[in-house]
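Working notes, beginning with the structure itself.
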Amino acid sequence: MGKMVVKRESLTEQIKSILIDRIVDGTLVPGDRLKELQIASEFGTSQAPVREAIRSLQALGYVEHKPHVGALVKTFTKKEIEEAYQVREALEGHCLILADLNTEQLVQQLNIHLESMHQAVIHNDVRRFTKADNRFHQAIVEFSGNETMLKIWGSLRMQLQVIATLVEASMPLESLYALHPPIIAVLERNHREGAARFLADHYRQIGNYWK
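Take a look at the structure:
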């Protein structure tokens with residue numbers, strides 16, 4: 008793999024963002040070790056910003072440090088995932104009902120991610136589905152314009168581990184996909200309370216499979 012070119016300003020933040028994306032899309036999986044020297048070489052930088060990025064990821068809960076081993080991508084427990092999904096549901100539901108949303112533009116964006124999910128189902132591509140599903144739910148919070156809620160939501164992205172576990176628990180991607188069109192359908196009628204109810208049902212059904 009060739010060296011990646013990274014802008015010189017805010018190197019720590021950029022490296023952190025790239026590592027988070029890799030954790031979310033499954034390029035880095037739970038238990039993978041984050042080697043400072045290797046990452047620094049890839050990005051063409053010193054180890055200092057990499058070290059700070061890893062510390063930040065540890066503070067956010069993406070990474071855990073084990074003595075004599077180093078920094079590892081965190082393996083989330085069932086309880087942690089359940090609690091994170093409860094917070095996600097609350098944040099997204101709040102945005103749908105109370106935030107000043109441009110529902111027409113939100114629907115357009117959600118349909119883009121829905122189509123990506125559909126293509127992932129056709130090709131049975133769990134990673135692609137995971138990224139599209141994550142972007143679908145993130146868009147709901149982004150369109151609220153509330154940066155604080157978006158940061159909180161962003162700290163709860165343990166999506167690949169969840170989707171992979173659901174698939175292992177015999178929840179087909181088709182079933183996961185089917186939870187999303189009803190949310191868009193009622194939003195198209197500007198019925199935000201109805202969208203929030205379908206969103207809650209989405210999380211309830213995922214919770215049933217997870218249990």
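In this note's numbering, the protein residues as written are 8 to 218.
Even for Gly, the Cβ is constructed at its ideal location relative to N, Cα and C.
Problem - Gly161 (DSSP reduced to helix, strand or coil) - result: helix
Practice task
Can you grab the Cα-Cα spacing for the pair Ala202 / Ile191, in whole Å?
Solution key: 7 angstroms
Problem - Distance CB(Gly38)-CB(Arg134) smaller than 8 angstroms - result: no
Handout entry: Reference Thr155, options Cys102, Gly214, Pro56, closest by Cα
Key = Cys102
Practice task
Count the CB pairs spanning the stretch 52-68 and the stretch 94-101 that are closer than 8 angstroms, and state whether there are at least three.
Solution key: no
Practice task
Report the partner residues of Val80 according to the DSSP bridge assignment.
Solution key: Val70
Exercise for the section: Express the C-alpha separation of Leu18 and Asn141 in angstroms, rounding to a whole number. Expected result: 25 angstroms
Handout entry: Ala97 versus Ala78 - alpha carbon distance
Key = 31 angstroms
Exercise for the section: List the DSSP bridge partners of Arg199. Expected result: Answer is none; Arg199 lacks a bridge partner.
Practice task
Please list, in chain order, all residues of the same chain as Thr82 whose beta carbon is under 7 angstroms from its beta carbon, the five residues on each side excluded.
Solution key: Pro37, Gly38
Practice task
Could you spell out the range, first to last residue, of the alpha helix (DSSP H) harbouring Thr110?
Solution key: 110-129
Practice task
Ignore the nearest five residues each way along the sequence and tell me which others in Pro189's own chain have a CB closer than 7 angstroms to its CB.
Solution key: Phe205
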